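Asks:
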Amino acid sequence: MLFKTAIRNSIKYFRRSLVIAVCIAISTIAMQTMDGIGEGFKISALRFMLNQQGMIVFEPAQAEPLEFAVHSIEEYESIKEKISQIIPDATISGKIFSPAMVVKDSFSIETAVGSEDDISGTIIGEKTAKMLDTEVGDTVILFGSDRYGGLSVVPAKVDSTAENYRSIRNGKGLLLPIYLARMLLRWDKGEVRLVQINFEDFWKADDYAAELRKVFPDFKITSWKERLTNIEDLFKVTDFKMNIFAAIILILVAGIIMNTVLTSVLERKNDIGTLRSIGASRIFVTKMILIEIIFVSLIGTLIGTGCSYIIIRFLLKGGITLGEVGGVMDYMSGNLYPKIVPLKWLGHIVFAVIWAVLWSFYPVLYIVRMKPVDALRKTL
Amino acid sequence: MLLNLEKVKKDYALGKTTVHAIREVSFSIKEGEFAVIAGPSGSGKTTLLNLMGLLDLPTSGKVYFEGNDVSSISESEATNIRKTRVGFIFQTFNLIPVLTAFENIELPLILKGKKEADREKRTKRILKETGISDIASHKPDELSGGQRQRVAIARALVSGPDIVFADEPTANLDSETGMQIIKIMEKLNKTEGVTFVFSTHDPRLFKIAGRKLELRDGRIVKDVVQNRNKK
Chain A
7 MLFKTAIRNS
17 IKYFRRSLVI
27 AVCIAISTIA
37 MQTMDGIGEG
47 FKISALRFML
57 NQQGMIVFEP
67 AQAEPLEFAV
77 HSIEEYESIK
87 EKISQIIPDA
97 TISGKIFSPA
107 MVVKDSFSIE
117 TAVGSEDDIS
127 GTIIGEKTAK
137 MLDTEVGDTV
147 ILFGSDRYGG
157 LSVVPAKVDS
167 TAENYRSIRN
177 GKGLLLPIYL
187 ARMLLRWDKG
197 EVRLVQINFE
207 DFWKADDYAA
217 ELRKVFPDFK
227 ITSWKERLTN
237 IEDLFKVTDF
247 KMNIFAAIIL
257 ILVAGIIMNT
267 VLTSVLERKN
277 DIGTLRSIGA
287 SRIFVTKMIL
297 IEIIFVSLIG
307 TLIGTGCSYI
317 IIRFLLKGGI
327 TLGEVGGVMD
337 YMSGNLYPKI
347 VPLKWLGHIV
357 FAVIWAVLWS
367 FYPVLYIVRM
377 KPVDALRKTL
Chain B
94 MLLNLEKVKK
104 DYALGKTTVH
114 AIREVSFSIK
124 EGEFAVIAGP
134 SGSGKTTLLN
144 LMGLLDLPTS
154 GKVYFEGNDV
164 SSISESEATN
174 IRKTRVGFIF
184 QTFNLIPVLT
194 AFENIELPLI
204 LKGKKEADRE
214 KRTKRILKET
224 GISDIASHKP
234 DELSGGQRQR
244 VAIARALVSG
254 PDIVFADEPT
264 ANLDSETGMQ
274 IIKIMEKLNK
284 TEGVTFVFST
294 HDPRLFKIAG
304 RKLELRDGRI
314 VKDVVQNRNK
324 K
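If you read the protein sequences in the order shown, they are chains A and B.
Remember, our numbering sits 6 above the position in the first sequence when you count from 1.
Remember, our numbering sits 93 above the position in the second sequence when you count from 1.
(1) In its own chain, which residues sit with a C-beta less than 8 Å from the C-beta of Ser270 of chain A, not counting the 5 before and 5 after it?
(2) Does the beta-carbon of Ala118 of chain A have 16 or more other beta-carbons within 10 angstroms, so that it is buried, or is it exposed?
(3) Thinking C-beta only, is Ser153 of chain B closer than 8 Å to Arg102 of chain B?
(4) State the DSSP-derived secondary structure class of Ile305 of chain A, mapped to helix, strand or coil.
(5) Terminal residues of the continuous alpha helix (DSSP H) containing Glu170 of chain B?
(6) If we count the other Cβ atoms within 10 Å of its Cβ and call it buried at 16 or more, is Arg375 of chain A buried or exposed?
(7) Given the structure, does Leu186 of chain A come close to the ligand HEM, in the sense that its CB is under 7 Å from one of the ligand's heavy atoms?
(8) Does the Cβ of Thr111 of chain B have 16 or more other Cβ atoms within 10 Å, making it buried, or fewer, making it exposed?
(9) Determine whether the Cβ of Lys275 of chain A lies closer than 8 Å to any Cβ atom of chain B.
(10) In angstroms with no decimal places, state the Cα-to-Cα distance between Thr263 of chain B and Phe289 of chain B.
(11) Secondary structure at Gly137 of chain B, three-state DSSP: helix, strand or coil?
(12) When the distance is taken between beta carbons, is Met294 of chain A closer than 8 Å to Met40 of chain A?
(13) Counting only beta-carbon separations shorter than 8 Å, does Val290 of chain B have a partner in chain A?
(14) Tell me where the alpha helix (DSSP H) around Arg382 of chain A begins and ends.
(15) Work out the CA separation of Arg288 of chain A and Ile166 of chain B for me, nearest whole Å.
(16) Would you kindly work out how many angstroms separate the C-alpha atoms of Ser33 of chain A and Gly46 of chain A, rounded to a whole number?
(17) In the DSSP assignment, find the unbroken alpha helix (DSSP H) run with Ser50 of chain A in it and report its ends.
(18) What's the C-alpha gap between Gln91 of chain A and Leu258 of chain A?
(19) Cα-Cα, which of B:Glu170, B:Met94, B:Leu142 and B:Gly206 is closest to Asp260 of chain B?
(20) Give me the Cα-Cα distance between Ile115 of chain A and Gly156 of chain A, rounded to the nearest whole angstrom.
(21) Which whole-angstrom value describes the C-beta separation of Leu96 of chain B and Val118 of chain B, a residue pair presumed to lie in contact below a C-beta threshold of 8 Å?
(22) Got a sec: is the Cβ-Cβ distance from Phe181 of chain B to anything in chain A below 8 Å?
(23) Can you name the residues that DSSP bridges to Leu306 of chain B?
(24) In terms of alpha-carbon separation, which member of B:Ala171, B:Leu308 and B:Ala128 lies closest to Val318 of chain B?
(25) Assuming contact is defined by CB atoms lying nearer than 8 Å, are Ile246 of chain B and Met278 of chain B in contact in what I supplied?
(26) Check each candidate in B:Ser226, B:Asp211, B:Arg243 and B:Gly271 and name the one with the smallest Cα separation from Ser252 of chain B.
(27) Just to make sure I have the definition right: I need the residues of chain B whose C-beta is within less than 7 Å of the C-beta of Lys377 of chain A. Which are they?
(28) What's the gap between the Cα of Lys242 of chain A and the Cα of Leu52 of chain A?
(29) Within the segment 185 to 212 of chain B, note down every full alpha helix (DSSP H) run reaching 4 residues or more, in order along the chain.
(30) Who are the near neighbours of Ala358 of chain A in its chain, counting only those whose CB is closer than 8 Å to its CB and skipping five residues on each side?
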């Protein structure tokens, strides 16, 4: 009877039910869409960062940060082959860090090394090129410290300016191909300082790292989760922005729901007074109204979820340029693609219903606490 | 004595002034009585019925229900008595608009926690007794005033209350239908032994009642026991 009455009431007072359903639909859309974009951002940002830094990093066990030139990995090619057997879709690249300085007058310019997969020639940042008065095709002389502590000098032909390779730190750097770095350090062919391993499903990094440790016990192997323990903090900023937006909508919606439910119960106070006078308890009446709210809210969440799905599908077609998300990280380029996390969407549905029930409590308590004789009066 | 009122007073605050709706009224209602509360509009009939039916509490004085003082009981206790012992019939019928006649009548039994089979049996019986079996599946807005009031009577009686209060049950009906409604109530009083207390200002109905309490300005000015067969 409670369900029957509640559902029939929601149909009878259709316009009020519609207002509540629309409010809940808007709340659901706000929460789910913001979450979809947030999740998409997290995954895009994470993938981008991990592709740069490596999902798994493979180093000599005794490596010290300031002794990068001494401790190297010598059997890179054979190691690469073994890694490919464990992680079939792995992209493996050997790295050498900071092998040289480019100096003009008293300026030193930061250098980086690209692996053979990334680049084949020297790339100069536009600002660096301007400062050095250098153009594509010129040769610059690189000075470095080799692994034995001696001075090494290598001529490098500038093959291009920094257009594509993430602008080499805002155009102020120089990117060397790995063979030049090896020459500067006097490292053998195939010798690298560090191996970065990337693959499609980066959530498997810990499992893969554990397998690799069994095969290569003499190396220090770390997954991104072990290295980037504070990564979640980075995303909290984005989550915060998204949550603020959703919270504003939820607060606005709460006011409308409370007002609508109050109007609705006052319109029906004679019915409620009748129920109370024939022996319906306060709990019975509360349940009856709340079931109605839950029923209408559930319909609202279903409509909202349907709309959110359509919006996310639409956004997935072209992606969102980061500028549209509003001041997010400058280290990411390209579009991000929203992601639906079904369990979280289910959580939003439950939250939206709870939100509606929560803000209906005041009107419901107001009417059930009214004396039956007052509820039966024609006026307030 | 089913119901006993001792110096019952009910005041309402209306802004800064106090309205004395009922002024130290004392009387008793016996089991099986068919009593009418007569009086002009504003004399306090509805207020008195509300106090007797535990819809409201008196400002002062005592109300005894089967010898128990119920003048200051909690709302949940009052709800429980209304659910199990009291029936109400309202001037404007007060049926739940979204429920059918059958469901409206069944409602007090649901509130009492009766099982479905028992509910169905009792509801069908009362529908038959009040002569509305044919409209059981109709919703209130599909019924005439007389039919609605019959449904309201059936709802008041279905759970087998000790006493039924009817607040001007014929006021919104034409005189013929009004008389039919009173006749149904009278028949149920005689056959089922249910105590009826109803208010009216229709002089034709006074004669049917076994007792007439006349109320004026919140006071009982006349309390007359009548011959019920006199028409």
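Positions of the beta carbon are idealized from the N, C-alpha and C atoms, including for glycine.
Just so you know, these numbers come straight off a predicted model, no measurement behind them.
Replies: Straight from the coordinates:
(1) Answer for Ser270 of chain A: Tyr19, Arg22 and Pro369, listed in chain order.
(2) Looking at its Cβ environment, which holds 16 or more other Cβ atoms inside 10 Å, Ala118 of chain A is buried.
(3) Here residue 102 of chain B is Lys; the residue named in the question, Arg, does not match the sequence. Yes. Within cutoff.
(4) Residue state, collapsed to three classes: helix.
(5) That run of the alpha helix (DSSP H) goes Glu168 to Arg178.
(6) When all chains shown are included, Arg375 of chain A counts as exposed.
(7) As for the ligand HEM, it is missing from this structure, which has no ligand bound.
(8) Exposed, because fewer than 16 other Cβ atoms sit within 10 Å of the Cβ of Thr111 of chain B.
(9) Chain B, which has no Cβ nearer than 8 Å to the Cβ of Lys275 of chain A, makes this no.
(10) So the two alpha carbons sit approximately 14 Å from each other.
(11) In this structure, Gly137 of chain B counts as coil in the three-state DSSP scheme.
(12) In this structure, Met294 of chain A does not lie closer than 8 Å to Met40 of chain A by Cβ.
(13) Taking Cβ atoms only, chain A never reaches closer than 8 Å to Val290 of chain B, which makes this a no.
(14) For the sequence presented, residue 382 of chain A should be read as Leu rather than Arg. For Leu382 of chain A, the enclosing alpha helix (DSSP H) starts and ends at Pro378 to Leu382.
(15) Between Ile166 of chain B and Arg288 of chain A, the C-alpha separation is close to 16 Å.
(16) Rounded to the nearest angstrom, the gap between the Cα atoms of Ser33 of chain A and Gly46 of chain A is 20 Å.
(17) That run of the alpha helix (DSSP H) goes Phe20 to Gln59.
(18) The straight-line gap from Cα to Cα measures roughly 56 Å.
(19) Nearest option by C-alpha distance: B:Leu142.
(20) Distance between the alpha carbons of Ile115 of chain A and Gly156 of chain A: 20 Å.
(21) Wrong, their Cβ atoms sit about 12 Å apart, outside the cutoff.
(22) Interface residue, yes.
(23) Residue pairing of Leu306 of chain B in beta bridges, as defined by DSSP: B:Ile130 and B:Asp316.
(24) Measuring from the Cα of Val318 of chain B, the nearest candidate turns out to be B:Ala128.
(25) The Cβ atoms of Ile246 of chain B and Met278 of chain B lie closer than 8 Å to each other.
(26) With distances taken between Cα atoms, Ser252 of chain B lies closest to B:Asp211.
(27) Per Cβ cutoff of 7 Å: Asp149.
(28) Each residue's alpha carbon lies about 13 Å from the other.
(29) Listed in chain order, the complete alpha helix (DSSP H) runs (minimum 4 residues) inside the segment 185 to 212 of chain B are 194 to 205.
(30) Scanning its chain for C-beta atoms nearer than 8 Å, with the 5 sequence neighbours on each side dropped, one finds around Ala358 of chain A the residues Ile30, Ser33, Thr34, Met37, Ser303, Gly306, Thr307 and Gly310, in chain order.
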